[in-house]
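The block underneath contains the structure these notes are about, expressed in structure tokens.
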Amino acid sequence: MKVWLLAAMAIALSGTAARAADPRYPDWPCTQAKVPEISLAAVWAGPPLDDVQNKWKDDARIGALVAKLSARKTPLEEAEKSVKEFLATSGSDKASNAKLLFAGLFDTLNAQRSQVMNGLERVSRKQREAADKIREETLQLQALQGATPRDEAKVEALSNELIWKTRIFEDRHKVVRFVCEVPTTIDQRLFALGRLIQQEME
Amino acid sequence: MNASCRHDVAAPPPPLAGEGRGEGVFTKKTPQEERALSRIASLDAMRPPPQAGEVKQASQQFQRIAEQRPLRKLTLRLSLFATLTLVAAPAHAFIAYVSNEKSNTVSVIDTDNWTVTKTIKVGQRPRGIEFTRDGKFVMVAVGDDDTIQVIDAKTQSVVDSLPSGPDPELFAQDAAGKILYVANENDNTVTVIDLEKRARLGDIQVGVEPEGMTISPDGKTLINTSETTNMAHFIDTSSRQIVANVLVDARPRFAEFKHDSSEVWVSSEIGGTVSIIDPRKHEVIGKVTFEIPGLRKEAIQPVGIGMTKDDRTAFVALGPANRIAVVDVASRKVTKYLLVGQRVWHMAFTPDEKYLLTTNGVSNDVSVIDVAAQKVIKTIQVGELPWGITIAP
Numbered sequence: 020m021k022v023w024l025l026a027a028m029a030i031a032l033s034g035t036a037a038r039a040a041d042p043r044y045p046d047w048p049c050t051q052a053k054v055p056e057i058s059l060a061a062v063w064a065g066p067p068l069d070d071v072q073n074k075w076k077d078d079a080r081i082g083a084l085v086a087k088l089s090a091r092k093t094p095l096e097e098a099e100k101s102v103k104e105f106l107a108t109s110g111s112d113k114a115s116n117a118k119l120l121f122a123g124l125f126d127t128l129n130a131q132r133s134q135v136m137n138g139l140e141r142v143s144r145k146q147r148e149a150a151d152k153i154r155e156e157t158l159q160l161q162a163l164q165g166a167t168p169r170d171e172a173k174v175e176a177l178s179n180e181l182i183w184k185t186r187i188f189e190d191r192h193k194v195v196r197f198v199c200e201v202p203t204t205i206d207q208r209l210f211a212l213g214r215l216i217q218q219e220m221e
Numbered sequence: 006m007n008a009s010c011r012h013d014v015a016a017p018p019p020p021l022a023g024e025g026r027g028e029g030v031f032t033k034k035t036p037q038e039e040r041a042l043s044r045i046a047s048l049d050a051m052r053p054p055p056q057a058g059e060v061k062q063a064s065q066q067f068q069r070i071a072e073q074r075p076l077r078k079l080t081l082r083l084s085l086f087a088t089l090t091l092v093a094a095p096a097h098a099f100i101a102y103v104s105n106e107k108s109n110t111v112s113v114i115d116t117d118n119w120t121v122t123k124t125i126k127v128g129q130r131p132r133g134i135e136f137t138r139d140g141k142f143v144m145v146a147v148g149d150d151d152t153i154q155v156i157d158a159k160t161q162s163v164v165d166s167l168p169s170g171p172d173p174e175l176f177a178q179d180a181a182g183k184i185l186y187v188a189n190e191n192d193n194t195v196t197v198i199d200l201e202k203r204a205r206l207g208d209i210q211v212g213v214e215p216e217g218m219t220i221s222p223d224g225k226t227l228i229n230t231s232e233t234t235n236m237a238h239f240i241d242t243s244s245r246q247i248v249a250n251v252l253v254d255a256r257p258r259f260a261e262f263k264h265d266s267s268e269v270w271v272s273s274e275i276g277g278t279v280s281i282i283d284p285r286k287h288e289v290i291g292k293v294t295f296e297i298p299g300l301r302k303e304a305i306q307p308v309g310i311g312m313t314k315d316d317r318t319a320f321v322a323l324g325p326a327n328r329i330a331v332v333d334v335a336s337r338k339v340t341k342y343l344l345v346g347q348r349v350w351h352m353a354f355t356p357d358e359k360y361l362l363t364t365n366g367v368s369n370d371v372s373v374i375d376v377a378a379q380k381v382i383k384t385i386q387v388g389e390l391p392w393g394i395t396i397a398p
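Listed in order, the protein sequences are those of chains A and B. Numbering-wise, the working numbering puts 154 at position 135 of the first sequence, and it's gapless, one number per residue. Numbering-wise, the working numbering puts 136 at position 131 of the second sequence, and it's gapless, one number per residue.
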């Protein structure tokens with residue numbers, strides 16, 4: 020009985036792990052479409068940033084602010100307040116500081132986003148391997164159970180292992196669904212902060 | 006995640022879905038009252054006579070106040086006084102309703118202080134939303150519940166539903182506000198509903214997956230766009246027959262008539278264009294194209310269209326390009342792009358046409374554009390995945 024349940028689960032699980040919506044990204048596990056990078060023009064309609072490049076890294080104050088604003092643990096409301104305060108106290112450097120700050124946020128949040136997406140694809144590959152393993156061991160267990168004489172100790176050990184593996188698989192599956200929301204929340208943060216910086220520049 | 010923790014600075018937090026009526030509406034001490042009192046001081050003796058719409062607006066506000074705070078007599082009297090003076094003030098206090106597709110709610114926005122004053126729990130997957138012509142009710146298509154719900158604008162609660170087909174997305178009503186045409190995404194039909202009797206009159210078979218829906222200013226022609234046939238279907242409203250099919254670019258989403266009826270503009274989400282159709286000849290006579298340096302062509306997805314009453318300026322929502330294109334109608338050229346919010350979808354003008362409000366699906370907010378200045382002046386946080394918007398006439 021237990022075995023049949025496990026077998027049915029293993030088959031169902033392998034199905035969910037292998038499904039990919041976009042053929043370009045076979046390891047992408049999310050229902051949300053994969054957009055590998057945020058393009059600058061999608062979030063920025065302000066002055067060109069060509070002259071800024073990596074210069075934001077040279078300014079310790081901006082570097083620290085970028086780190087704080089990019090951290091997901093900083094509530095967006097608080098982040099927005101910090102942006103306003105920073106620009107309000109920038110005096111004649113307001114425009115250049117605004118550009119530096121946004122360049123820093125764009126680089127940092129885009130990198131953070133790529134990291135999350137790579138992680139999701141890595142987990143997705145691991146899940147596929149785990150599903151294959153579960154399927155394989157289910158067949159082994161069935162063979163063990165059909166054998167005469169039946170080795171009860173082995174049957175018990177293998178079915179216990181299968182229960183654990185299935186549980187881990189399921190837990191990871193749930194986590195993946197949750198993490199799939201993260202790239203979007205990063206998009207939202209970058210857009211919201213970028214829009215605010217542009218408004219403050221006007 | 007951030008939808009719940011982020012609000013406009015001036016905005017009280019929107020009430021949670023399912024909270025009782027009136028709860029959370031006045032988290033600050035009666036903003037109407039404060040607002041109106043501050044206005045009394047600035048009123049001069051030369052105030053213009055009230056417009057019909059303003060009187061209606063004010064009486065609705067009074068009724069809301071009376072219902073929400075029945076016990077606070079002093080406040081009530083003050084509010085009454087304030088509301089009556091509002092009648093004469095040149096106010097732009099309009100009420101906007103926004104459908105939030107993912108949170109299954111409708112946000113109510115007061116355009117006087119640009120805040121969400123109420124969040125109404127509705128059915129599943131609300132999208133198309135429109136006021137009845139008399140301004141008394143708001144209709145909202147709740148696709149996953151296969152119906153159109155009716156919200157009473159006075160009580161701001163769902164009071165009835167209309168018999169649409171399965172998965173209604175968008176609808177259009179005739180000029181008199183008597184007949185409603187509903188695009189049902191799932192069964193390739195347009196349902197015709199008598200709005201007074203709230204009864205189904207019949208169905209019109211159209212192309213696969215009807216999407217956009219608009220009616221000519223004279224009420225004789227209904228235009229329905231279909232994303233699988235890539236056509237705009239012209240339907241004679243008296244015979245309820247398709248009289249012409251006009252091929253446009255891939256995935257047409259929305260159609261809008263010029264107020265003088267000389268052109269129909271149809272947006273194509275995948276094609277990335279707006280086709281301009283001569284509605285008498287049923288021919289495409291021009292196209293509006295869009296180009297934003299640094300953005301991939303496929304990120305430019307035209308959806309909602311709004312046109313000023315003088316037919317001079319059109320506004321086109323460009324989806325994940327996060328921008329509204331300002332188009333000169335005569336030359337059919339884009340004159341300006343305005344960065345609004347993420348995945349901008351639909352829009353509505355205030356009746357005085359001073360402001361244009363857009364729904365931004367991914368950033369979960371509404372942008373307010375100053376129409377004359379062609380500038381974004383405000384952002385209002387609403388529910389998740391805001392889709393449609395309508396403003397009281």
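Glycine included, every Cβ here is placed at the ideal spot set by N, Cα and C. Remember, it's a predicted structure, so these values are computed and weren't measured experimentally.
With DSSP as the reference, label isoleucine 81/A as helix, strand or coil.
helix
State buried or exposed for threonine 88/B, treating a residue as buried only when at least 16 other CB atoms are found within 10 Å of its CB.
Reliability fails at threonine 88/B, whose pLDDT of 48 lies under 50, so the model's placement of it is uncertain and the value that follows must be treated cautiously. Result: buried.
Please check the pair threonine 152/B and glycine 133/B, which I expect to be a contact at CB under 8 Å, by giving their CB distance rounded to whole angstroms.
Contact doesn't hold; Cβ gap of about 12 Å is too wide.
Give the secondary structure of glutamine 386/B by DSSP, where H, G and I count as helix, E and B as strand, and everything else as coil.
strand
Given threonine 278/B as reference, the closest of Lys380/B, His264/B, Pro284/B and Ala260/B once Cα atoms are compared
Comparing Cα-Cα distances from threonine 278/B to each of Lys380/B, His264/B, Pro284/B and Ala260/B, the minimum goes to Ala260/B.
In DSSP terms, what tyrosine 342/B is bridged to:
DSSP lists Ala330/B as partners of tyrosine 342/B.
Where the stretch 298-313 of chain B meets chain A: residues whose CB sits under 8 Å from a CB there:
Pro298, Gly299, Leu300, Arg301 and Ala304
Where do the N-terminal and C-terminal ends of the alpha helix (DSSP H) with glutamate 219/A fall, by residue?
It spans 201-220 - the alpha helix (DSSP H) in which glutamate 219/A sits, taken as one unbroken run.
Pop quiz: proline 215/B and alanine 188/B are said to be a contact at Cβ under 8 Å. What is the actual Cβ separation, rounded to whole angstroms?
4 Å
Run through chain A and tell me which residues come within less than 8 Å of tyrosine 342/B, C-beta to C-beta.
Listed along chain A are Ala64, each with a C-beta nearer than 8 Å to that of tyrosine 342/B.
Just by C-beta distance, which residues in the stretch 196-207 of chain A are closer than 8 Å to chain B?
Glu200, Thr203, Thr204, Asp206 and Gln207
Compare the beta carbon distance of arginine 245/B and isoleucine 209/B with 8 Å and say whether it is the shorter of the two.
yes
What whole-angstrom Cβ distance do valine 142/A and arginine 208/A have, given they're in contact under 8 Å?
Between valine 142/A and arginine 208/A a beta carbon distance of about 23 Å is seen, past the 8 Å cut, so the two are scored as non-contacting.
With respect to the beta strand (DSSP E) encompassing arginine 167/B, which residues constitute its N-terminal and C-terminal limits?
In the sequence on display, residue 167/B carries leucine and not arginine. Where leucine 167/B is concerned, the enclosing beta strand (DSSP E) stretches over 162-167.
Relative to chain A, which residues along the stretch 153-179 of chain B have a C-beta separation below 9 Å, given in chain order?
Residues of the stretch 153-179 of chain B that bring their beta carbon within less than 9 Å of a beta carbon in chain A are absent altogether.
Cutoff 8 Å: leucine 88/A Cβ touching any chain B Cβ
Not an interface residue.
Less than 7 Å between C-beta atoms, sequence neighbours within five positions excluded: which residues of the same chain meet that for arginine 337/B?
Ile281, Gly291 and Val293
Excluding sequence positions up to five away, which residues of its chain have a Cβ less than 7 Å from the Cβ of aspartate 265/B?
Asp316
Under 8 Å, do threonine 363/B and isoleucine 396/B count as touching if we go by C-beta distance?
no
Can you name the residues of chain A whose CB is closer than 7 Å to the CB of valine 147/B?
Under the 7 Å cutoff, chain A gives no residues; its nearest Cβ is about 22 Å from valine 147/B.
Short-range partners of chain B found in the stretch 39-60 of chain A, where Cβ spacing is below 8 Å
Ser58, Leu59 and Ala60
Going by alpha carbons, who is nearest to asparagine 118/B out of Tyr102/B, Pro398/B and Ile385/B?
Closest by alpha carbon: Ile385/B.
Would you tell me roughly how many angstroms separate the C-alpha atoms of glutamate 358/B and phenylalanine 99/B, rounded to the nearest one?
11 Å
Short of 8 Å Cβ to Cβ, which residues in the stretch 239-265 of chain B face chain A?
Listed in sequence order: no entries.
For a contact meaning CB atoms closer than 8 Å, what does asparagine 327/B contact in chain A?
Residues of chain A with a Cβ closer than 8 Å to the Cβ of asparagine 327/B are, in chain order, Ala61, Val62 and Phe210.
Report yes or no: is there a C-beta of chain B within less than 8 Å of the C-beta of arginine 132/A?
no
Neighbour list for serine 368/B in chain A, Cβ cutoff strictly below 7 Å
Gln207, Phe210 and Ala211
Shorter than 8 Å from the beta carbon of glutamine 347/B to some beta carbon of chain A?
yes
Nearest CA to the CA of alanine 304/B: which residue from Ser58/A, Pro42/A and Arg43/A?
Ser58/A
Going by DSSP in three states, valine 194/A sits in which element: helix, strand or coil?
helix
Which residue marks the beginning of the beta strand (DSSP E) containing isoleucine 209/B, and which one marks its end?
204-210
Could you have a look at aspartate 316/B and say whether DSSP puts it in helix, strand or coil?
Three-state DSSP puts aspartate 316/B in coil, outside helix and strand.
Measuring from the CB of proline 257/B, is there a heavy atom of the ligand FAD at a distance below 7 Å?
What this structure holds is no ligand at all, so the ligand FAD is not there to describe.
Is there a C-beta anywhere in chain B that falls below 8 Å from the one on arginine 214/A?
yes
Can you give me the C-alpha to C-alpha distance between serine 166/B and threonine 226/B, rounded to a whole angstrom?
26 Å
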